[in-house]
Ligand code: 5GP
Ligand code: MN
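Residue numbers (my numbering): 9 to 353.
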């Protein structure tokens, strides 16, 4: 049995909305990851089973390793089909905002969502949700939005309506946001939910292979290159990897190729904090990705030094300046956080 995580009144209210609505739009964050797409498509499959006209819209493209997901071909990319997407958003009776806590996380879609007349519901697990929805279901202690979508559907009484396809999407989001159940994954209810998803006929081993073992040769070579240039700061139990635009070009980099790189330095004994700095190819900025193990709060470091935020163990931000400047900022941050980086626990 699952604990009742989501408040009953919110579930009842959403169920009432759903009973009356025909057109529903689901949106998720920019540079969508497995949880953004998984939770969106998980909800989408369910709404389809209820004969709703549902559309998933995301700000921009998602990585190739998520393209096998059932329904992913129907996901609308806002940066390519803005006009059509704007019409769907304006006409939607319900807008479900999944896996983001602030309008700024949906980039160019923010204005359209803000202006939309439809009722809005947020389902998310990031800290400090902004107040832009009529119903806010925010649970930072739950490791994925996909898990929250599963809980929401079940609590409305529709477990039986979850299809194998929907279950595959939900499982994918739960798996990717926990690094294949290697972090944020000690809640035993996760495994109860997996058991329920398995009862729908999903092949979890196959999903793992499709997500993690279908990379291109150039990605693997890029990984080798990035790691050979890794900088380790033993006095700070930290490591830094980076990629310039030029290097990305040399390895025929495509979006998503460096997904997961930031986690690798954490496999070094005694490294508790990892930073990945990547020159963005579209905007004049450095994309900052931070990961930690244990209690080191990389979201605090992201907020203080890189205009960002996120979770305790996984956060990020943006830096406007050169890669060299970003490295200097990181080194200042390491100095400031040295006591915490050296704390045991
Ligand atoms: P990633 O390193 O995978 O890009 O991001 C990890 C997590 O950090 C995201 O799930 C999100 O919570 C947070 N994050 C990443 N980039 C930003 C950013 O620019 N601003 C904020 N506030 N959070 C971010
Ligand atoms: Mn997530």
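We treat Cβ as the ideally placed atom computed from N, Cα and C, and that holds for glycine.
These figures come from a predicted structure and were not determined experimentally.
Straight across, the Cα-Cα distance linking residue 320 with residue 283 is about 14 Å.
When 127, 163 and 173 are compared, the shortest CA-CA separation from residue 144 is found for 127. Taking the Cβ of residue 153 as the reference point, at least one heavy atom of the ligand MN falls within a distance shorter than 7 Å. With three or more CB-CB distances shorter than 8 Å, the region 147-158 counts as touching the region 186-203. Bounds of the alpha helix (DSSP H) holding residue 16 are 16-28.
Taking all protein chains in view, the Cβ of residue 112 is surrounded by fewer than 16 other Cβ atoms within 10 Å, so the residue is classified as exposed.
One alpha carbon belongs to residue 17, the other to residue 240, and they sit about 50 Å apart. For residue 317, the closest alpha carbon among the candidates 224, 189, 268 and 108 is that of 108. Residue 147 has its CB no nearer than 7 Å to any heavy atom of the ligand MN.
For residue 327, the pairing in a beta bridge is given by DSSP as 294. Remark: C-beta atoms of residue 86 and residue 116 approach each other more closely than 8 Å. Distance from residue 27 to residue 177 at the Cβ level is roughly 24 Å; contact not present, criterion being Cβ atoms closer than 8 Å. Residue 348 holds the alpha-carbon nearest to the alpha-carbon of residue 280 among 348, 142, 123 and 14. When distances are taken from the beta-carbon of residue 115 to the heavy atoms of the ligand MN, even the shortest one reaches 7 Å or more.
Here the C-alpha atom of residue 46 lies approximately 10 Å from the C-alpha atom of residue 79.
Of 294, 142, 291 and 345, the smallest CA-CA separation from residue 304 is found for 345.
Sixteen is the threshold: since fewer than 16 other Cβ atoms of the shown chains lie within 10 Å of the Cβ of residue 222, the residue is exposed. Sequence-distant partners of residue 312 (beyond 5 residues in either direction) whose C-beta falls short of 8 Å from its own C-beta, in its chain, are 341 and 344. In this structure residue 11 is exposed. Its beta-carbon is surrounded by fewer than 16 other beta-carbon atoms within 10 angstroms.
Where residue 226 is concerned, the enclosing alpha helix (DSSP H) starts and stops at 225-236.
Residue state for residue 132 is assigned as strand, using DSSP reduced to three classes.
At least one heavy atom of the ligand 5GP is found less than 7 Å from the C-beta of residue 322. The region 29-38 and the region 92-105 touch, with three or more beta-carbon pairs separated by less than 8 Å.
Residue nearest to residue 270 within the set 324, 204 and 336 is 324 (criterion: CA-CA distance). Relative to the Cα of residue 322, the nearest Cα in the group 205, 274 and 331 belongs to 274. Residue 292 sits exposed, since fewer than 16 C-beta atoms from the chains shown fall within 10 Å of its C-beta.
For residue 145, the beta-bridge partners assigned by DSSP are 131. According to the DSSP assignment, residue 203 belongs to the alpha helix (DSSP H) that extends over 197-206. Only residues of its own chain outside the window of five on either side were considered, and among them none has a CB closer than 6 Å to the CB of residue 261. Where residue 121 is concerned, the enclosing alpha helix (DSSP H) starts and stops at 118-123. Between residue 181 and residue 43 the beta-carbon gap is near 4 Å, inside 8 Å, which marks them as a contact. Taking C-beta atoms as the reference points, residue 294 and residue 247 fail to come closer than 8 Å.
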